[in-house]
Every structure is written in structure tokens, then in C-alpha cells.
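*Asks:* Let me give you the structure first, and then I'll get to my questions.
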Amino acid sequence: MMQKRENGLFQGALTRSVIGAFFDVHRDLGFGFREYVCALALERELKARGHRVDREVAVVVYYRGEPLALQMLDMIVDAKVVVEMKATDSLHPGAKGQLFSYLCTTNLEVGLLLHFGRQPKFYRVICENRFKRRLVTASAPGPPLP
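Using the working numbering, the first residue of the sequence shown is number 4, and each one after it goes up by one.
This is the structure in C-alpha cells:
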């Protein structure tokens, strides 16, 4: 079930808080740090704002009901929003698709792609559960979901 809209946005208050923290971190750190440094700073900022942050969350990808692989999510905030971070000069064209695939493997529907480039940019990605392809059968265990 899709989360309630807040001022027209799914998880609006939470995503605004995450985006605000992202811009604060980018302003204070600047451009050029590796992704893990940006992630540590963002985690610290989000926790200071009262959020729960889970880092490097492993989720199982299933193919025809069988476990296929693990993929690692950079961050999940308040068990509601997947955060994918990139710290590159230019954003790879497949970055949004990567985040979309992460949403497809969880019961989470809202993601934020945070680009710690020279100019900070963010993108919201939505994947409603009602449109997700469910390849896990009732007899197969479900993927570990945040």
C-alpha cells in the first residue's frame, strides 16, 4: 500500500528532512570526498535530526522464486525511505534505474538518489508496491525486508 501523501509527496516530511540534511552535508563538506565519507556525514546529520539510519542493508534478489543474489542498499531512513548516494563528478545515467531496482526488491516505495557532485542534486524515485512484480511464491521465503 502506498504511503500517504504529505503536501502532494509520498513520505513528504521525511524526504524533506533527508534532502535538507543532504544539502547541509554538501555545504559543509564540499565536493570531492569519497562516497563513504559523505555517507558517514549524512548518517551523523540524520541521527542528529532524530532519524533512525540503517547502513549497507543487504536484500535478497529472487529469480523465479529462488534466491539469486544479494544487493546492498546504501541507507534506509526510518524504515521508510531508501537512500542511494553517489559522489562523482557526473551522475551515471543508470543511477536512477539502480535505485528503482532496489525499491523493487523491498516493500519500500520511496527512494532518494543523492548526488554529491560539484553541484548537489537529488532525485525522488517511486515504485508502488501494487505495481511490483512478485516472483516469490507463497511457499518460498520472502526476502529480508527492512
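Quick reminder that beta carbons are idealized off the backbone N, C-alpha and C, glycines included.
#1: Can you give the beta carbon distance from D90 to L116, rounded, assuming they're within the 8 angstroms contact cut?
#2: Return yes when the Cβ of F125 is within less than 8 angstroms of the Cβ of F25, no when it is not.
#3: With DSSP collapsed to three states, give me the class of A16.
#4: Roughly how many whole angstroms lie between the Cα atoms of A42 and M88?
#5: Can you list, in chain order, the residues of its chain with a C-beta nearer than 6 angstroms to that of E59? Leave out the 5 residues immediately preceding and following it.
#6: What is the residue span of the alpha helix (DSSP H) that R47 lies within?
#7: Tell whether a beta-carbon distance below 8 angstroms holds between L102 and V85.
#8: Tell me G114's beta-bridge partners as DSSP assigns them.
#9: Cβ atoms of L94 and V128: under 8 angstroms apart, would you say?
#10: Buried or exposed: Q122, going by 16 or more other Cβ atoms within 10 Å of its Cβ?
#11: Could you tell me whether the Cβ atoms of L73 and A82 are closer together than 8 angstroms?
*Replies:* Concretely, from the data shown:
#1: Against the sequence shown, residue 90 aligns to sequence position 87. Against the sequence shown, residue 116 aligns to sequence position 113. According to the sequence provided, residue 90 is Ala. The question's Asp does not apply to it. The Cβ separation is near 12 angstroms, so there is no contact.
#2: By 1-based counting over the sequence shown, the position of residue 25 is 22. By 1-based counting over the sequence shown, the position of residue 125 is 122. Yes. Within cutoff.
#3: Sequence index remark: in the sequence shown, residue 16 carries index 13 (1-based). Of the three classes helix, strand and coil, the one that applies to A16 here is helix, per DSSP.
#4: To locate residue 42, count along the sequence shown from 1; it is residue 39. To locate residue 88, count along the sequence shown from 1; it is residue 85. In a straight line, the C-alpha of A42 is about 7 angstroms away from that of M88.
#5: Walking along the sequence shown from the start, residue 59 turns up at place 56. Only M75 meet the Cβ criterion.
#6: For this step, residue 47 is matched to residue 44 along the sequence shown. Note, R47: alpha helix (DSSP H), 38-51.
#7: In the sequence shown, the residue the question calls residue 102 occupies position 99. In the sequence shown, the residue the question calls residue 85 occupies position 82. The answer is yes: Cβ separation under 8 angstroms.
#8: One-based indexing of the sequence shown puts residue 114 at position 111. The partner list for G114 (beta bridge, DSSP) reads V85, V128.
#9: The residue labelled residue 128 in the question sits at position 125 within the sequence shown. The residue labelled residue 94 in the question sits at position 91 within the sequence shown. Not a contact, by the Cβ cut-off of 8 angstroms.
#10: Here residue 122 refers to the residue found at position 119 when the sequence shown is read from its first residue. By the neighbour-count rule (16 or more Cβ atoms within 10 Å), Q122 is not buried but exposed.
#11: Against the sequence shown, residue 73 aligns to sequence position 70. Against the sequence shown, residue 82 aligns to sequence position 79. The answer is no: Cβ separation not under 8 angstroms.
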